[in-house]
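Novice: Chains as they are written, first to last, in full-length UniProt numbering: chain U, 1 to 189; chain P, 1 to 189.
C-beta atoms are modelled at their ideal positions from N, C-alpha and C, and glycine is treated no differently.
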DNA sequence: GTCTATATTTTGATAGAC
DNA sequence: GTCTATCAAAATATAGAC
């Protein structure tokens, strides 16, 4: 792996762990095993490096989600597969975390990967919900975009609950709760 | 309002806007109109002041939520009232935001109000769901704790989606989506 | 491309006068 | 209680040698 690559992956890790404000160029250099000169040779500064790191994280996240959502099975099974996928709930979401950072939200270059990732995810989930409605899996009365937003929100909010509790369980509860609500045919009113 | 009070409320605002790492003593002093001396007279340092601010924010948040959840109406109506309450979705949650901050999560003094707020909220929502089940509003098969976690997660995750999009709409979609899933009796499978 | 030296500003706090 | 120095360390670079 090149020095440039190590700088990017170190920044990815640090942004995940400490956010943009909490990540210093010095910390990045130390984790990458590179000096000041290397970093400022390859990137114009912290925002430039962060943009590269966020772009890569967004790509990775999207690929991982697509692996579940585009897989085999019914719409419900694929959504369940996505929600039940193994995750380190206490680490939270690499991309969702950035939405809280005012310096990321304020910089169009940094916000773009965050915005695009969630726009894509909500769209993909909405398509799946609509597909499930056509197949008779889900009630026709559900709005696909609303349902998709709720599903994406449960994951992001589940991370918040887990980190607040210092325990993964609230994340899993939220996911189970959402899936139970979605499993309309299993319900007994 | 005393200088001490202004320091606390200024810190509450800045923690909400910029998080713990992004909030400097200097910024607090400027917003409060107080000098260094005043701040360090009333508080031992930034962590101490942040603890006071978070404690107050937690109290306020809990009171606001309780106003909706303990009000009149059926369980569904009260949950809907809570979810549809007027919120500035782009500002996000004062308390939930702190769960992302590693320095807050690492300090037991700072994490306590965050942990307690969500533990209370999930418990209160679970009681309401159970109440609704007894009344026949919700399917008996739902697990109250899971459902409560999903509802709380939708709000927290809704904020993430809204901030990522730079638009309140995804928050409202997520809330509508969750309420539609909860409204079991209105469903046509 | 990478390194070391240097520079400016901010952070988070202490000291001591009033 | 509040104010104005003062301070050591860190953040975020730039300069220039190799």
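Could you run through the stretch 92 to 110 of chain P and flag, in chain order, every residue whose CB is less than 7 Å away from some CB of chain U?
Specialist: 92, 96, 97, 99, 100, 102 and 105
Novice: So, is residue 108/P buried or exposed, given that buried needs 16 or more other C-beta atoms within 10 angstroms?
Specialist: exposed
Novice: List, in order along the chain, the chain P residues whose C-beta lies closer than 9 Å to that of residue 118/U?
Specialist: The contacting residues are 160, 161, 164, 165 and 170.
Novice: In the stretch 139 to 158 of chain U, which residues sit with their C-beta less than 8 Å from some C-beta in chain P, listed in chain order?
Specialist: 139, 140, 141, 142, 143, 145, 146, 147, 148, 149, 150, 151, 152, 153, 154, 155, 156, 157 and 158
Novice: Please classify residue 91/P as buried or exposed, where buried requires at least 16 other C-beta atoms within 10 Å of its C-beta.
Specialist: Result: exposed.
Novice: Which residues bound the alpha helix (DSSP H) around residue 176/U?
Specialist: Segment 169 to 182, the alpha helix (DSSP H) holding residue 176/U.
Novice: By how many angstroms is the C-alpha of residue 57/P removed from the C-alpha of residue 64/P?
Specialist: 11 Å
Novice: Where does the unbroken alpha helix (DSSP H) through residue 156/P begin, and where does it stop?
Specialist: It spans 144 to 165 - the alpha helix (DSSP H) in which residue 156/P sits, taken as one unbroken run.
Novice: Is there a C-beta anywhere in chain U that falls below 7 Å from the one on residue 129/P?
Specialist: no
Novice: Less than 7 Å separating the beta-carbons of residue 83/P and residue 160/P?
Specialist: no
Novice: Count the other CB atoms within 10 Å of the CB of residue 188/P; is the residue buried (16 or more) or exposed (fewer)?
Specialist: Only weak support is given to the placement of residue 188/P: the predicted model assigns it a pLDDT of 37, under 50, and the question is left unresolved by the model.
Novice: Taking residue 18/P as the query, report the chain U residues whose CB atoms sit under 8 Å from its CB, ordered along the chain.
Specialist: 21 and 102
Novice: Compare the beta carbon distance of residue 99/U and residue 164/P with 7 Å and say whether it is the shorter of the two.
Specialist: yes
Novice: Return yes when the Cβ of residue 122/U is within less than 7 Å of the Cβ of residue 152/U, no when it is not.
Specialist: With contacts defined by Cβ atoms closer than 7 Å, residue 152/U and residue 122/U form a contacting pair.
Novice: List the whole-angstrom C-beta distance separating residue 182/P from residue 79/P, where the pair is believed to meet the contact cut-off of C-beta under 8 Å.
Specialist: 7 Å
Novice: Looking only at C-alpha atoms, which of 73/P, 45/P and 49/P sits nearest to residue 132/P?
Specialist: 73/P
Novice: Kindly list, in the order they appear in chain U, the residues whose Cβ is closer than 7 Å to that of residue 86/P.
Specialist: None at all; the shortest Cβ gap to chain U is about 18 Å.
Novice: Determine, using beta carbons only, whether residue 156/P and residue 81/P come nearer to each other than 7 Å.
Specialist: no
Novice: Keeping to the same chain, check which residues put their C-beta closer than 8 Å to that of residue 76/U; ignore five residues upstream and five downstream.
Specialist: Closer than 8 Å at Cβ, skipping near neighbours: 132, 137, 138, 182 and 183.
Novice: Looking only at its own chain, which residues have a Cβ that is under 7 Å from the Cβ of residue 179/P, when we skip the five neighbours before and after it?
Specialist: 80 and 83
Novice: Going residue by residue through the stretch 45 to 90 of chain U, where are the continuous alpha helix (DSSP H) segments of at least 4 residues, counting only ones entirely within it?
Specialist: 46 to 69 and 75 to 84
Novice: What does residue 60/P reach in chain U if we use C-beta pairs closer than 7 Å?
Specialist: What residue 60/P touches in chain U: nothing, since even the nearest Cβ is about 17 Å away.
Novice: Is the shortest distance between the beta-carbon of residue 69/U and the beta-carbons of chain P less than 7 Å?
Specialist: no
Novice: Grouping DSSP H, G and I as helix and E and B as strand, with all else coil, what is residue 117/P?
Specialist: Helix, per DSSP.
Novice: Between the C-alpha atoms of residue 69/P and residue 10/U, what's the straight-line distance to the nearest angstrom?
Specialist: Rounded to whole angstroms, residue 69/P to residue 10/U spans 44 Å at the Cα level.
Novice: Please state whether DSSP places residue 11/P in a helix, a strand or coil.
Specialist: helix
Novice: Would a check of beta-carbon distances place residue 180/U closer than 7 Å to chain P?
Specialist: Yes, contact with chain P.
Novice: Less than 7 Å between the beta carbons of residue 168/P and residue 50/P, yes or no?
Specialist: Going by C-beta atoms, residue 168/P is not nearer than 7 Å to residue 50/P.
Novice: Taking residue 103/P as part of the alpha helix (DSSP H), name the residues at either end of that continuous run.
Specialist: Where residue 103/P is concerned, the enclosing alpha helix (DSSP H) stretches over 102 to 106.
Novice: Under 8 Å Cβ-Cβ, which residues of chain P neighbour residue 115/U?
Specialist: 164, 165 and 166
Novice: Return the first residue and the last residue of the alpha helix (DSSP H) that residue 20/U is part of.
Specialist: Premise fails: residue 20/U is in no alpha helix (DSSP H) and is neither H nor E.
Novice: Taking any Cβ of chain P, which residues in the UniProt domain "HTH tetR-type" (1 to 61) of chain U have a Cβ under 8 Å from it, in chain order?
Specialist: 17, 18, 19, 21 and 22
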